[in-house]
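To keep things clear, I will list the structure first and then write my remarks on it.
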Amino acid sequence: MPRKAVDKPRAGSNRSYHHGDLRRTLLDVALRLLEEFDPSHVSLRAIAREAGVSRAAPYHHFADREALLAAVAAEGFRSLRAAMVERVASTEGNPLERMQEMGVAYVLFAVQNPQLYRLMFGGELRRRESHEELQRESGAAYAALGAAMQDSMETGSGGGGEPGNFALSAWALVHGLAMLLVDQRVGKPDMSDQQVEVLARQATEVLGRGVAG
0 MPRKAVDKPR AGSNRSYHHG DLRRTLLDVA LRLLEEFDPS HVSLRAIARE AGVSRAAPYH
60 HFADREALLA AVAAEGFRSL RAAMVERVAS TEGNPLERMQ EMGVAYVLFA VQNPQLYRLM
120 FGGELRRRES HEELQRESGA AYAALGAAMQ DSMETGSGGG GEPGNFALSA WALVHGLAML
180 LVDQRVGKPD MSDQQVEVLA RQATEVLGRG VAG
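Take 0 as the starting number for the sequence shown in numbering that gives the first Met the number 0 and just add one per residue.
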């Protein structure tokens with residue numbers, strides 16, 4: 000059963016926050032709570048309490064709980080894109096191999112940040128289309144994956160398909176595997192990053208064979 004973020008200070012919670020940038024502080028606290036709690040159980044009240052501010056303070060920066068969580072999800076997509084781009088930048092190989100490594104980075108990010116990943120893709124945000132920053136950052140993450148796919152298609156036949164369709168296939172594959180791992184439908188709860196990498200690479204190699212034709 001998902002744990003709920005309590006509304007009173009937790010034992011050992013002695014963090015000191017400086018509120019020169021309250022918005023940043025609230026986002027950091029929310030991200031930290033998501034390391035422990037399911038998104039549906041992270042309340043605006045708990046975030047304010049952990050940040051050491053009044054219950055009303057978050058409303059100076061966010062219209063409501065969803066607006067704050069949407070900003071957190073946008074940060075998640077920004078971090079996901081950065082993880083994929085960094086992985087590709089450190090990979091020596093052809094565009095097809097770099098695309099596969101981007102897929103590995105995607106799956107690793109999900110497994111290392113399961114509750115944040117659920118927030119990014121789950122149903123907690125009911126007005127997703129109305130949050131501009133979230134739309135922008137999620138689009139940028141998908142565009143990075145699409146660009147890698149297009150580059151990889153230039154090294155092989157790709158069956159003559161459209162890059163957009165292949166990018167969608169790539170996303171479906173890595174997202175599906177990521178969700179299976181996050182929900183512990185495959186693998187083991189204590190899988191190491193190395194074991195996750197092996198599994199993710201095997202999956203992206205299947206996609207790579209399709210791109211190579």
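Backbone N, C-alpha and C fix where the C-beta goes; we use that ideal spot for every residue, glycine too. Predicted model, so just to flag it, every value in this text is computed and none were measured.
Whole angstroms is fine: what's the gap from residue i's alpha carbon to residue j's?
| i | j | result |
| --- | --- | --- |
| His174 | Tyr105 | 8 Å |
| Ser168 | Gly51 | 45 Å |
| Asn112 | Met152 | 30 Å |
| Ala62 | Arg23 | 15 Å |
| Ser156 | Leu95 | Because the pLDDT of Ser156 is 46, which lies under 50, any placement of that residue in the model is unreliable, and the question is left without a value. |
| His40 | Val205 | 37 Å |
| Ser137 | Ser53 | 31 Å |
| Ala143 | His59 | 33 Å |
| Asp189 | Arg126 | 34 Å |
| Phe120 | Leu133 | 11 Å |
| Gln193 | Thr203 | 15 Å |
| Asn93 | Ala66 | 41 Å |
| Val195 | Gly145 | 23 Å |
| Gln149 | Ala166 | 8 Å |
Indicate whether residue i and residue j have their beta-carbon atoms separated by less than 9 Å.
| i | j | result |
| --- | --- | --- |
| Val181 | Val110 | yes |
| Leu124 | Ala47 | no |
| Ala88 | Leu26 | no |
| Arg64 | Leu43 | yes |
| Leu176 | Ala199 | yes |
| Thr90 | Arg97 | yes |
| Ala114 | Phe36 | Here residue 114 turns out to be Gln, not Ala, going by the sequence shown. Closer than 9 Å, so yes. |
| Met222 | Ala147 | Lying before the first or after the last residue shown, residue 222 is absent from the chain, which here runs from 0 to 212. |
| Glu74 | Leu107 | no |
| Glu49 | Leu21 | no |
Classify residue i as buried or exposed, calling it buried when 16 or more other Cβ atoms lie within 10 Å of its own Cβ.
| i | result |
| --- | --- |
| Gln183 | exposed |
| Ser12 | The predicted model places Ser12 with a pLDDT of 48, which falls under 50 and marks its position as unreliable, so this point remains unresolved. |
| His130 | buried |
| Glu34 | exposed |
| Pro38 | buried |
| Val185 | exposed |
| Arg117 | buried |
| Ala140 | buried |
Inset, instruction - Identify every run of the alpha helix (DSSP H) within the segment 22 to 54, keeping only runs that are complete inside it and at least 4 residues long; order them along the chain. - result: 43 to 50
- Contained alpha helix (DSSP H) runs [length at least 4] in the segment 43 to 112, N- to C-terminal order: 43 to 50, 64 to 88 and 94 to 111
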